[in-house]
Amino acid sequence: MSAEMIQTSYREALREGIRDALKRDARVFLMGEDVGRYGGCYAVSKGLYDEFGPERIRDTPLSECGFTGAGIGAAMGGMRPIVEIMTVNFSLLALDQIVNNAATLRHMSGGQFNIPLVIRMACGAGKQLAAQHSHSLEGWYAHIPGIKVLAPATLEDARGMLWTALEDPDPVVIFEHVMLYNRTGQLAADAGPVPIEGAAVRLEGTDLSLVTYGGCLFKTLEAAGQLAAEDISAEVIDLRCLRPLDDATLMTSVAKTHRAVIISEEWRSGSLAAEVSARIMEQAFWDLDAPVGRLCTAEVPIPYPKHLEDAALPQVSAIVDAAKAVLNR
Amino acid sequence: MSDLYRMPSLGSDMESATLIEWCKQPGERLAKDDVIAVVETQKGAIEIEVFHDAVMGKPLIEVGETVPVGAAMAELEGIGDGIEQAPSPPVEPPAPSGRRRASPAARRLAEARGIGLERLRGSGPEGAIRLEDVQRAVQAQAPKAPLPPDSKGTGLGMAAMRQAIAAAMSRSKREIPHYYLSHDIDLTRATQWLGAHNAELPPDRRILMAALFIKAVALTLRKFPELNGFDRDGQFEPSKAIHVGSATAIRGGGLVAPAIHDADQLELGPLMDKLRDLVARVRRGGLRASELSDPTVTVSSLGERGVDRLYGVIYPPQVAIVGFGTPELRPRVVEGEITPRTLVTATLAADHRHSDGHRGGLFLAKLAARLQEPETL
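If you read the sequences in order, they're chains A and B.
Quick note on numbering: this note's numbering labels position 112 of the first sequence as 1525, and the sequence is numbered without any gaps.
Quick note on numbering: this note's numbering labels position 98 of the second sequence as 149, and the sequence is numbered without any gaps.
Okay, structure coming up:
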């Protein structure tokens, strides 16, 4: 692996991933609302229309159910479609296609058809886009057998998950948190595909495990830095893959630290955070030295005003407080 | 005012004890230091005392019952104001509801190490026991398997005794940075003085060299407070009183080091009586709680067993142990002449956290000087 690093952004890393896939495999194409001439709502596909042309970068009508279904049909027909849905809220219009068709057809056809489809969508709050464009419903998708659910948070994962997902024979849903698109950093110039299974320990620690993913990863790492200044050694786990969950990494960490707090931007009730907490209780109960903590979004539709939006979301200071709470400090 | 009489701690290695008999009946008056009951511990049958004047109330446990340190044993009534209060029990009593709140990790470790949760103080919410509370208890004592049941009656459980010694000595060697010094002391004068002193006395009144050693150590310690007291969580707590624990072997194996209280203030005769009494009670049982729990220093003398010197292992939480080998005739240069003299090698093992070799050396030198003037002991 080359030591050469380039300065890039999460958005550019995603774009390089798409470009790489388009170049590797002629069956790959991208479709969605405004992905072509406009360059994508979050500018992820900017420039690809000019480079690859309207056959492979396809603008669609405003019908999530229609173009997601078209993607499923294309995948069944041997293509490798990438469907971009502007935001997770709009994906609810395509739930029938995703849950009833994409996730089930392999099973219902007795393995005769599989659906090598990738659906990308933006999620999360923080851009004052209010209650219809800001939600974190990835836990809903992670509930569904038959699909894989990914949440790339780092540049490496943004760059590398797409190709691996396209190679998977089953549908994969990728959640891109809107607050990550502008994050910049160093990425290996030859960065390429990464595994789409397994959680990653982003920071090693001994006193407690902070379990998170996606948009909360960097808030959590910042909180871990503040905790370190108070002599609390936090381990930070990035789930990366929300379905299937990597139980082994979680339990290994909890066996070491004896305490866990899950940080996610979902609502607490019925959340993925609840699932992770339950698994820790089931599999690592005798390792626990404190109840598992959860820090989630306030149970309100995400507010529009900045101060209320900030107040509703998990923030660094609240993560620090939640960590201290399980340490009885 | 009423209060509860709780199982006292008779040493850092004691976790629980079994009630053998009540020495007082409900309604009976108790004076401070009265023996209230006899309990069976790893060290054998021990008489335990009350800490204040009171009236014996309702017993809360029955003969044969084993309860942890700190558990309520009986009610005490009529404890007046101004009367000395009992030292606070070393551990938090069990929660009234019976089940202690404890985290799963704390429970698992406690179970693995045979530590009773009821004797731990919980630092978590509402007194819940957390992992670190158990870890602290594990550190405070050597890991132990559950004790094998003792043979019936009040005899010593040898396996339990062995484990108690193992626990204390392991903890000592794990936690205490020992330093060792040794010094040959001329006992020629002391031997002659003792011979003359004993010449007219019947055998049961004669004084043994061991008593001289204990008295000399006790007197010398007055000037060396850093060797007399206790380590409490790494802090030294000097003791004004000098209670010398006298290491005493038990027939069949094992040993205890019960205290001769205020050894520096005892005349040699009474000191010797106490020594005899202690040895007798070690052999047949009947040591008192305070004798076992409060020595501030230990003296170990291998007496007539024929070894030149012994290096002791400090008994936690004490900070020093003085050892004496067998006194014997050895050649020594005195005023340019090689002459036979009665010599004993005295050793000091001390806790380097609380004293240094320089002071330890001065202590042995002072001890040697003391033993040159046996008539002042």
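Heads up, the beta-carbon is just placed ideally off N, CA and C, and yes, glycines get one too.
- Proximity of residue 1623 (chain A) to chain B, defined by a Cβ-Cβ separation below 9 Å, is not satisfied.
- When DSSP states are grouped into helix, strand and coil, residue 1531 (chain A) belongs to the strand group.
- If you ignore the 5 residues before and after residue 273 (chain B), its C-beta comes within less than 8 Å of the C-beta of 293 and 315, all in its own chain and listed in chain order.
- In this structure residue 53 (chain B) is exposed. Its beta-carbon is surrounded by fewer than 16 other beta-carbon atoms within 10 angstroms.
- Classified as buried, residue 1612 (chain A) has 16 or more neighbouring CB atoms from the shown chains inside 10 Å of its CB.
- Collapsing the DSSP output to three states places residue 294 (chain B) in coil.
- The criterion of a C-beta distance shorter than 9 Å is satisfied by residue 1481 (chain A) and residue 1532 (chain A).
- Across the structure, residue 1706 (chain A) and residue 1459 (chain A) are spaced so that their CA atoms are roughly 41 Å apart.
- A distance below 6 Å between beta-carbons, with the five flanking residues on each side excluded, links residue 268 (chain B) to the following residues of its chain, in chain order: 350 and 373.
- Going by C-alpha positions, residue 1684 (chain A) is about 10 Å away from residue 1555 (chain A).
- Inter-residue distance for residue 1672 (chain A) and residue 183 (chain B) is about 12 Å (C-alpha atoms, whole angstroms).
- Assigned with DSSP and collapsed to three states, residue 124 (chain B) falls in strand.
- Within the region 384-418 of chain B, contact with chain A at the beta-carbon level (separation under 8 Å) is assigned to no residue.
- Against chain B, a Cβ distance below 8 Å from residue 1701 (chain A) picks out 154, 155 and 156.
- DSSP lists no bridge partner for residue 220 (chain B).
- Nearest to residue 264 (chain B) by C-alpha distance, out of B:377, B:188 and B:338, is B:377.
- When DSSP states are grouped into helix, strand and coil, residue 74 (chain B) belongs to the coil group.
- Listed in chain order, the non-local C-beta contacts of residue 1541 (chain A) below 7 Å within the same chain comprise 1717, 1719 and 1722, local neighbours out to five positions each way being set aside.
- Within a 10 Å sphere around the beta-carbon of residue 1632 (chain A) sit 16 or more other beta-carbons, which makes this residue buried.
- DSSP places residue 1420 (chain A) outside any alpha helix (DSSP H); the residue lies instead in the beta strand (DSSP E), whose first and last residues are 1418-1422.
- Considering only A:1484, A:1501, A:1733 and A:1598, the residue with the shortest C-alpha distance to residue 1493 (chain A) is A:1484.
- Counting of Cβ neighbours within 10 angstroms places residue 1490 (chain A) among the exposed residues, the total staying below 16.
- For residue 1622 (chain A), the pairing in a beta bridge is given by DSSP as A:1648 and A:1673.
- One thing to note: residue 223 (chain B) has its Cβ within 9 Å of the Cβ of residue 229 (chain B).
- For the C-beta of residue 175 (chain B), the chain A residues within less than 7 Å are, from N- to C-terminus, 1741.
- Burial of residue 160 (chain B) is indicated by the presence of at least 16 other C-beta atoms within 10 angstroms of its C-beta.
- Shown in chain order are the members of the region 1659-1691 of chain A whose Cβ falls below 7 Å from a Cβ of chain B: 1671.
- DSSP places residue 1454 (chain A) outside any alpha helix (DSSP H), giving it a letter other than H or E.
- Interface flag for residue 171 (chain B) against chain A is unset, since no Cβ pair is found closer than 9 Å.
- Three or more pairs of CB atoms, one per stretch, sit closer than 8 Å, so the region 114-122 of chain B contacts the region 69-79 of chain B.
- Listed along chain A are 1699 and 1700, each with a C-beta nearer than 9 Å to that of residue 159 (chain B).
- Looking at the backbone, the Cα of residue 1589 (chain A) and that of residue 1431 (chain A) are separated by about 14 Å.
- 9 Å or more divides the Cβ of residue 390 (chain B) from the Cβ of residue 279 (chain B).
- Around the beta carbon of residue 1615 (chain A), a 10 Å sphere encloses 16 or more other beta carbons of the protein chains shown; the residue is thus reported as buried.
- Comparing C-alpha distances from residue 1729 (chain A) to each of A:1697, A:1629 and A:1574 shows the shortest one belongs to A:1629.
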